[in-house]
Structure formats: C-alpha cells, structure tokens
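**Q** Quick one: this structure, given as structure tokens, is what I'll be asking you about.
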Amino acid sequence: MEFSKINEVLATTREGQLLHDLMSMLYPICRSITGEGVRETLRQLQQHVPLEIREVASGTKVFDWTVPLEWNIQDAYIATTRGERVVDFRKNNLHVVNYSVPVRGTFKRADLDGHLHSLPERPDWIPYRTSYYKENWGFCLTHRQLSELNEPEYEVCIDSSLQPGHLSYGEVFLPGATEEEVLISCHVCHPSLCNDNLSGIAVATYLAKVMQKIVRRFSYRFVFIPGTIGSITWLAQNQERTNLIRHGVVLTGVGDSGNVTYKRSRQGNAYVDRAITHILNHRVRAHRVVDFSPYGYDERQYCSPGFNLPVGCFMRTSHGEYPEYHTSADNLEFVAAEALQESLEILLHAIHVIENDARFLNTNPCCEPQLGRRGLYRAIAGQKEGAQKEMALLWVLNLSDGQHTLLDIAERANTPFEVIHAAACALKECNLLEESRGGRP
Ligand code: ZN
C-alpha cells in the first residue's frame, strides 16, 4: 500500500477502540522489569505483529549496570489470623510492592508500618511502588484499607521468587528500502497501569501493524522493553548498529485525554523534532513542545552523551502532572479510545513526513514556469483550498534549488507538509521538478 492511502485507512477504521481492547487484554497481567508478566505480554503482542522475544541472562553486564535477577509472583496477601484476606494481590496486582522478596509469617500490626504504602489524600486509590534495586518487600493499599487494619496481628504472605533467569524484551523489525532505521520504543514493565505503559504498547503495536502494510523507505524497529534497564540492555547489545538510527521516538502516556506533549531529543533540532513539531503545529490545536531534560523515560538512555541519538519522547499529559499517575486510578477508564486514535494518527503523519521528504531541483529555474499551460492552475482552480495549493506550487518551485527539503519548504511557507508534498508530486509529474541526487534528508 502506498503511504498516501493512510488517510483513507484511518478515516474508515476505528483503531482507537481496537487499541483500547488490546489494553484491556493486557491490563490484568502483573508485569515487572523481568519475569513471566513481560513474557506473557509480549506473547499476546505476537498475535498482532511479528514480534521476536529476546532473553538476556541475569548477571549480564550492560554498561554500568547488571541485568537483575528474574522476579516472579504467584500470590500475596495480608490476612487476619482467622484467614480473611484484607489486602489481596489477586484483586489488584498493585497491592504488592513490585519486586518484593518472598515473605511469610505472622506480624505484629506495629511491625507492618514500614511496609505499608497508601495515599492519604486519595483514600480510594492504591499507589504503585517498586523496589527493583534494593531487597525489600511491602504492600500498597487504599488509605481506607489501611485505616481498617486495627487488629494486633496479621498473616503476611508474598509468594514471589527472585532467581537467576532473564530480562525479556520484544522487537519488531520491518525492513525498508534502506538499512537506515526509525526506532520506536515503549516500556513494558508496569503492572496494571494503563496510560503509563499500556497506552504506549498499544500505539506502538498498531503503528507496527500499519507500517507492515506500507511500502517503506526506512526500516522500522519497534522495541518493547522494561524501562531504564531494558533500554540500557538494548543499547549495550546493539551498540554497533545504533549509528543506523536516523529518527526515533519513545512513546509513553499516549492514552489520556490531555493535550499532546512532545519532548525534543537532546540534539534539540533533530529531524524527528522538526517533523513532529510541524505535524503538531498544523494538526493539533492545543499541544506543547518542551526541551530535552535528562529525566523521564528511555530517551534518557538513547540521548545519553555516548549515543546522543535523535530520539524524542511523545506523550500526552507529562508523567507526574496528572494525579492518577502511578496509582490504581490510571485504569481502563482513564484512557480514551479517541486519545489513542489521535496519538496514532499524529505519529503516522510524522512518519509520512519522514518517509516522503526529499530535495528537488527546479528544472526551469530562470523565472517562473507557465503553470497554466501545464494544467496546474486549472487543475486546482475549482478546489476548496485552491489558493493554498497554488501558493504551495510557487513555494516548491522557488525553493527547489537542491538545498531545501520539502519540510524546510513547509516550515518556511507555514503550510502543512502534505500540501507541499502534493505540490511537489504535481510538479514532478509535469517535469518541472526532479529529485536532486542524494536529496533524501
Ligand atoms: Zn511509570
């Protein structure tokens, strides 16, 4: 399928609901940075895209880090001495501090204090806590539950294991006409949390699904990795080939109803930064473009100075800026099909820019060519956005000197890329433009 058909595809499908359905399937799984939860998630994605699961052994050195022990969990609860479960992992996997070491025993109520986490200001929400790099255990519960723990003793069980195993991640590789790559990265390490992790997974999966059907200039690599340690591991294992990455984006928090935020790469004005900013400026009324900072998601690793890859971060409301963040309220109701659909569309439009940009040479550079004679004015006269299309023809002719890309022209003309691109195609058809050698940015 040609890329130009994408708009038709998107207009006729309701991908947003399908994305939400995929999230519903993945929601109950207890993921972490290692373990069966990640594997099960990746296996489910294999039903949608040609995803390969890679396993890296615990203890493997990855730059300054070491791949940790594999964590798995069967069950966890706090029960009264009469056997009544008052905090139950089976009801919500957020109830256990992720990566908790195994525990079993009877505890005095007072001795539990340091192991219980709640949110007094949100008494019905369960917080999400982890203890990846320090051996510890604990429970997360609503503040209401905490206030009812009034008995002198409780039975505590965390039936987990921390053993040598593997860190698992998934990779979808779609080869294109060139070896040069576009990297799409999302994290897969959060348990039942929707906007934070599942939305990125769903959008990346559907992006891969669409890109599979399209004639591609670039090769596309989608990585589904546990946050931080996953991208560090991936970079350590692929260091040699990172020079092939031309454009990249980390997807996170792309399902809430807030406005889109795009965080630029460390380079600040990389092509991907310009392409996404351009699409946002022309398609999305309210949005934010923010500068790089060495905090956030896996862009921190991709943009570390030893790599400095052109990788930005695409999200909606920034992490930490919505109260539901890292709580049980980041659930299936918090994410909207429309928001997921819009996120997918923006990314596809940015990919359209990346795929179709080129430098051209005006074959008739001495004064303007006669457009009417070639049917270019007449062809557009009756159309609604005729004036904009006419201007686009003039801009493309004027700036096609082999130096400017179509995105340069679109920016300078303050005109959507697709209008500039359509003008270039029409001019090429009339032999008024030719692609300049080595013209692909
Ligand atoms: Zn998170």
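For the sequence shown, counting from 1, position 440 maps to 450 in this note's numbering; every step adds exactly one. Ideal Cβ placement from N, Cα and C applies to all residues, glycine included.
So, A423 versus M401, is the Cβ gap smaller than 8 Å?
**A** Here residue 423 is taken as the residue at index 413 of the sequence shown, counted from 1. Here residue 401 is taken as the residue at index 391 of the sequence shown, counted from 1. Result yes, Cβ atoms of A423 and M401 sit closer than 8 Å.
**Q** For the ligand ZN, any of its heavy atoms closer than 7 Å to the Cβ of D206?
**A** One-based indexing of the sequence shown puts residue 206 at position 196. Yes, the ligand ZN has a heavy atom inside 7 Å of this Cβ.
**Q** Since N160 and I136 should fall inside the 8 Å C-beta cutoff, what is the C-beta to C-beta distance between them, to a whole number of angstroms?
**A** To locate residue 160, count along the sequence shown from 1; it is residue 150. To locate residue 136, count along the sequence shown from 1; it is residue 126. Not a contact, Cβ separation roughly 19 Å.
**Q** Is H127 near the ligand ZN, going by C-beta to nearest heavy atom under 7 Å?
**A** Taking the sequence shown and counting its residues from 1, the one referred to as residue 127 is at position 117. No, the ligand ZN has no heavy atom inside 7 Å of this Cβ.
**Q** Roughly how many angstroms lie between the CA atoms of F73 and P174, to the nearest whole one?
**A** Here residue 73 refers to the residue found at position 63 of the sequence shown. Here residue 174 refers to the residue found at position 164 of the sequence shown. When rounded, the distance between both Cα atoms is 19 Å.
**Q** What's the gap between the Cα of H105 and the Cα of E348?
**A** Within the sequence shown, residue 105 is the residue found at index 95, counting from 1. Within the sequence shown, residue 348 is the residue found at index 338, counting from 1. When rounded, the distance between both Cα atoms is 30 Å.
**Q** What span of residues does the beta strand (DSSP E) with F427 cover, start to end?
**A** What you label residue 427 is simply residue 417 of the sequence shown in a count that begins at 1. Not the beta strand (DSSP E): F427 falls in the alpha helix (DSSP H), residues F427 to E439.
**Q** Between the stretch 209-221 and the stretch 272-287, do at least 3 Cβ pairs fall closer than 8 Å?
**A** no
**Q** Do the CB positions of V321 and V259 come within less than 8 Å of each other?
**A** Here residue 321 refers to the residue found at position 311 of the sequence shown. Here residue 259 refers to the residue found at position 249 of the sequence shown. Yes, these two residues count as a Cβ contact at 8 Å.
**Q** Determine which residues share a DSSP beta bridge with F149 and list them.
**A** Mapped onto the sequence shown, residue 149 falls at position 139. DSSP, once it has assigned bridges, lists V106 and L126 as partnering F149.
**Q** Given a cut-off of 8 Å, decide if M33 and L208 are closer than it, judged by their beta-carbon atoms.
**A** One-based indexing of the sequence shown puts residue 208 at position 198. One-based indexing of the sequence shown puts residue 33 at position 23. For L208 and M33, yes; Cβs fall inside 8 Å.
**Q** Heavy atom of the ligand ZN less than 7 Å from the Cβ of H292, yes or no?
**A** Indexing the sequence shown from 1 puts residue 292 at position 282. No.
**Q** Return the bridge partner residues of D169 from the DSSP annotation.
**A** One-based indexing of the sequence shown puts residue 169 at position 159. DSSP lists D85 as the beta-bridge partner residues of D169.
**Q** From which residue to which residue does the beta strand (DSSP E) around G265 run?
**A** As a first step, residue 265 must be located in the sequence shown, where it is residue number 255. Boundaries cannot be given for G265, as no beta strand (DSSP E) includes it and DSSP labels it neither H nor E.
**Q** For the beta strand (DSSP E) holding R114, just list the boundary residues, first then last.
**A** Taking the sequence shown and counting its residues from 1, the one referred to as residue 114 is at position 104. Start and end: V113 to K118.
**Q** Compare the C-alpha of T76 against each of Q27, T44 and D308 and name the closest.
**A** As a first step, residue 76 must be located in the sequence shown, where it is residue number 66. Nearest of Q27, T44 and D308 to T76, Cα basis: T44.
**Q** Name the one or two DSSP bridge partners that N372 has.
**A** One-based indexing of the sequence shown puts residue 372 at position 362. Checking the DSSP bridge columns, you'll see N372 partnered with L443.
**Q** Tell me whether H362, by its Cβ, gets closer than 7 Å to a heavy atom of the ligand ZN.
**A** Position 352 of the sequence shown, counting from 1, holds the residue named residue 362. No, the Cβ of H362 stays beyond 7 Å of every heavy atom of the ligand ZN.
**Q** For the ligand ZN, is there any heavy atom lying closer than 7 Å to the beta carbon of H336?
**A** In the sequence shown, residue 336 corresponds to position 326, counting from 1. Yes, the ligand ZN has a heavy atom inside 7 Å of this Cβ.
**Q** Under the DSSP definition of a beta bridge, which residues are partnered with E191?
**A** Translated into positions along the sequence shown, residue 191 becomes position 181. In the DSSP output, where bridge partners are listed per residue, E191 has S229 and I255.
**Q** Sorry if obvious, but does the Cβ on H200 come closer than 7 Å to a heavy atom of the ligand ZN?
**A** Position 190 of the sequence shown, counting from 1, holds the residue named residue 200. Yes, Cβ of H200 sits closer than 7 Å to a heavy atom of the ligand ZN.
**Q** Rank T327, G412, L193 and E421 by C-alpha distance to the C-alpha of R447 and give the top, closest one.
**A** Position 437 of the sequence shown, counted from the start, is the residue given in the question as residue 447. It is G412.
**Q** Taking the C-alpha atoms as reference points, what is the distance between H288 and G449?
**A** Numbered from 1 along the sequence shown, position 278 holds the residue referred to as residue 288. Numbered from 1 along the sequence shown, position 439 holds the residue referred to as residue 449. Roughly 20 Å between the two C-alpha positions.
**Q** Flag this pair as touching only if the stretch 379-386 and the stretch 432-441 have three or more C-beta atom pairs under 8 Å; answer yes or no.
**A** The stretch 379-386 vs the stretch 432-441: in contact.
**Q** Would you mind stating whether L443 and F370 have Cβ atoms separated by less than 8 Å?
**A** Along the sequence shown, read from residue 1 onward, the residue named residue 443 stands at position 433. Along the sequence shown, read from residue 1 onward, the residue named residue 370 stands at position 360. Cβ distance < 8 Å, so L443 and F370 count as in contact.
**Q** The alpha helix (DSSP H) with H30 in it runs from where to where?
**A** Within the sequence shown, the letter at position 20 stands for residue 30. Where H30 is concerned, the enclosing alpha helix (DSSP H) stretches over E25 to L36.
**Q** What residue from L319, D266, E343 and P60 has the CA that sits closest to S328's CA?
**A** As a first step, residue 328 is located in the sequence shown; it is residue number 318 there, counting from the start. Measuring from the Cα of S328, the nearest candidate turns out to be D266.
**Q** Whose C-alpha, out of R119, L357 and S314, is nearest the C-alpha of V294?
**A** Your numbering for residue 294 matches position 284 in the sequence shown. Minimum Cα distance to V294 is reached at L357.
**Q** Identify whether T70 lies in helix, strand or coil by the three-state DSSP scheme.
**A** For the purposes of this step, residue 70 is identified with residue 60 of the sequence shown, where counting begins at 1. Here T70 sits in coil by DSSP.
**Q** Going by C-alpha to C-alpha distance, which of I168, I235 and N374 sits closest to C196?
**A** To locate residue 196, count along the sequence shown from 1; it is residue 186. The candidate whose alpha carbon is nearest that of C196 is I235.
**Q** Decide if V469 is buried, meaning its Cβ has at least 16 other Cβ atoms within 10 Å, or exposed.
**A** The structure shown has nothing for residue 469, since the chain only spans 11 to 451.
**Q** DSSP state of T91, grouped into three classes?
**A** The count along the sequence shown starts at 1 and reaches residue 91 at position 81. T91 falls in the coil class under three-state DSSP.
**Q** What are the boundary residues of the alpha helix (DSSP H) that V406 is part of?
**A** Here residue 406 is taken as the residue at index 396 of the sequence shown, counted from 1. First-last of the alpha helix (DSSP H) with V406: G396 to L409.
**Q** Does DSSP put R310 in a helix, in a strand, or in coil?
**A** Working through the sequence shown from its first residue, we reach residue 310 at position 300. Here R310 sits in helix by DSSP.
**Q** Could you tell me the distance, in whole angstroms, from the CA atom of E428 to the CA atom of T415?
**A** Numbered from 1 along the sequence shown, position 418 holds the residue referred to as residue 428. Numbered from 1 along the sequence shown, position 405 holds the residue referred to as residue 415. Straight-line Cα distance between these residues: approximately 13 Å.
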